[in-house]
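Written below as structure tokens is the structure these notes are about.
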Amino acid sequence: MKSRVVDFYGNKYVFILLFFIMFSALAFLFPVTGDDYGWGSGFGERLIREGFKDYNGRYLGNLLVLALTRARFFTPFFISFVICAIVYVVYMLSGGENIEALYMTGALILLVSSMFRQVYSWVSGFSNYVPSVLLLLLFLYMAEKCFKQPDLKATRSSYVFAVLIGVSVQLFMEHTTIYCLAVSLFLVIAWRIRHKKYNSLLLTFFFSCLAGAIIMFSNGAYLKILNKDDSYRSFASNDGGLLAMVSDIAGAFCERISEIMYKSCYASVAAVCVLSVILILKSAKLKKHLLSGVLLIIGFVFSGSWLPVYLGIKAFTGITRKQMLFIFTPAVIVFAISLLLTILIFVKISDIKRRLLFFFVSAAVSFCPLLCVKPVGPRCFYLFNIFIILSANEILSAIISTNADGRLLFIPIKKTVGYTGIALCVMAFVAFFIIYGKITKVYNHRMEYIITQAEKGEKEIYAPRLPLRQFVWDADPPCSNRDRFSRFCDYFNLPGDIKIIYMDYDEWLEIKEKG
């Protein structure tokens, strides 16, 4: 009998399984940080007793974080499952034909830069920002099947699915709620224009999204924000009129939002830039649109290379971050314009062009609400990043559909993208295991020492700062913030009157040995 050789390169299920195993193992190294202390202790219990009154309308996100902060052994598997599901559904939304798109998606999902500590390693951030994206992607996949097979009769289970997804997806994150409401209405109208009638399944999803949005925004927290009674969150004020409001929004975009967005999504932006340049160079339309092609390539090189240039300038000169902020705004604008023009001019397959335009507009719509609110952090751009990844996959499909396994300077495009994606996944996992291994080691030593000293009755306790703090959200609970610190104490059953003095790990080891 001939031995059967398993083609691991082309087996999507092997990749997903390995990705799940690796991320599950990695997630066991994530420390408890930030708001997780409160959700996992009496603060979370009080909120659920009050029905999250005047807190926020993220009801399912809140319930999920309450569960995950208490079922710590189950949490890593759940986080890994949701992330793997997103990788797979993103791949299927791109046609599910090019395995290279799956490997690239896995790599770009991992390489989320400053976003990683807020959406993966921090349970409170994950619970609100990531599961809602999975629910949205599942609906978009269902909607795509509706448009591809307009004569297909929807089953009863499809309507139940649409209701459950439509209501549930609205109860996690406000800007996702607004996007879902907008996209569900758009799909209803698009179907009506194309087929001169309404699609009952899409209508069901729209009204379910509307119901979910009403449930969310009926929470008293949003009225407090509008009335400026919330000390943490705020909405763009129109006290100075429309012109002043527009000026504030433009200022916020230039001063902080463009930088956060660009840095958080850099890997996906860079992938789109590289693939777009390849698409332009391989396009049969390049001769006809030579000037446009050259200008667009320059635009992608500028917007895709700015971050390493920025980091290099900062490292080898005395220029400060504040002095360099001005460049992020043109980098983002040039990227957006270059991508839009590339779609319109150089993508010739109508289905791919339509999907790319949809993802481009979706990214813009998901981003717009963030211009009007404070605070905004890297985690807020997780949905935006997913649309950029979907765009990268579509551009890859356009390249492959036009040129099969074409070459660029003797380099096979498909295999290069595939093996690069796999290599980046492996390198990312290795790096994260090293990083979070060091963090977890210090975290465990710190908590063992703090608990031991507190049991001895010590009121002033020296403790090490966590290393690689850029990978941990709210790494060291500050004694100065009594609310946050009291939740930390409550979570570990520590006396509320202790004081923790943080220092470097090596310095702490010396003090510990002497003590």
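The sequence shown begins at 30 in the numbering used here and counts up by one. For every residue, glycine included, the Cβ atom is placed at its ideal position computed from N, Cα and C.
- The DSSP-derived three-state label of valine 376 is coil.
- Take the alpha-carbon of phenylalanine 387 and the one of leucine 319: they are about 26 Å apart.
- DSSP, read as helix, strand or coil, puts tyrosine 531 in strand.
- By DSSP's assignment, lysine 225 forms no beta bridge with any residue.
- For isoleucine 490, the uninterrupted beta strand (DSSP E) segment begins and ends at 489–493.
- Runs of the alpha helix (DSSP H) lying entirely within the stretch 335–421 and spanning at least 4 residues, in chain order: 350–353, 357–375, 379–396.
- A residue is called buried once 16 or more other Cβ atoms fall within 10 Å of its Cβ, and alanine 393, having fewer, is exposed.
- For glutamate 74, the uninterrupted alpha helix (DSSP H) run begins and ends at 71–78, by DSSP.
- If the five residues before and after glutamate 74 are omitted, its C-beta is found closer than 7 Å to no C-beta atom of its own chain.
- In the DSSP assignment, arginine 185 falls within the unbroken alpha helix (DSSP H) covering 185–197.
- An exposed status is given to glycine 525, since fewer than 16 other beta-carbon atoms sit within 10 Å of its beta-carbon.
- For alanine 114, the CB contacts under 8 Å within the same chain, skipping 5 residues up- and downstream, are Leu163 in chain order.
- With a threshold of 16 other beta carbon atoms within 10 Å, glutamate 423 meets it and is buried.
- Comparing C-alpha distances from serine 123 to each of Ala421, Pro507, Glu542 shows the shortest one belongs to Ala421.
- Distance from the CA atom of isoleucine 527 to the CA atom of alanine 492, rounded to whole angstroms, is 12 Å.
- The continuous alpha helix (DSSP H) containing proline 105 extends over residues 104–122.
- In summary, glutamine 499 is exposed, with fewer than 16 beta-carbon neighbours lying within 10 Å of its beta-carbon over all protein chains present.
- Sequence-distant partners of lysine 316 (beyond 5 residues in either direction) whose C-beta falls short of 7 Å from its own C-beta are missing from its chain.
- Under the DSSP assignment, glycine 249 falls in the alpha helix (DSSP H) whose first and last residues are 249–255.
- As the crow flies, the alpha-carbon of glutamate 126 is around 48 Å from that of leucine 272.
- Burial check for threonine 346: the Cβ neighbour count within 10 Å stays below 16, so the residue is exposed.
- In the DSSP annotation of this structure, the continuous segment of the alpha helix (DSSP H) that includes methionine 290 starts and ends at 287–293.
- A residue is called buried once 16 or more other Cβ atoms fall within 10 Å of its Cβ, and proline 507, having fewer, is exposed.
- Secondary structure at proline 60: coil, using DSSP grouped into helix, strand and coil.
- Spatial neighbours of lysine 382 in its own chain (CB-CB distance under 7 Å, excluding positions within 5 residues in sequence) are listed in chain order as Ile372, Val376.
- Following the DSSP letters along the chain, one finds valine 94 inside the alpha helix (DSSP H) bounded by residues 88–97.
- Contact check for valine 118 against leucine 47 fails: the beta carbons are separated by 8 Å or more.
- For the 8 Å CB-CB criterion, isoleucine 374 and lysine 443 do not form a contact.
- For the pair of segments examined, the stretch 502–518 was found not to touch the stretch 81–93: the number of CB pairs separated by less than 8 Å stays below three.
- At a Cβ-Cβ threshold of 8 Å, cysteine 302 and phenylalanine 282 do not count as neighbours.
- Residue nearest to leucine 368 within the set Ser379, Arg408, Ile417, Gly195 is Ile417 (criterion: CA-CA distance).
- For alanine 183, the closest alpha carbon among the candidates Ile254, Leu230, Ser142 is that of Leu230.
- If you draw a straight line from the Cα of isoleucine 289 to the Cα of glutamate 542, it comes to about 42 Å.
- When the beta-carbon positions are compared, leucine 336 and glutamate 284 stay at least 8 Å from each other.
- For the set Asn40, Phe59, Val446, Tyr66, the Cα lying nearest the Cα of phenylalanine 514 is the one of Tyr66.
- Isoleucine 112 and phenylalanine 236 have their C-alpha atoms some 28 Å from each other.
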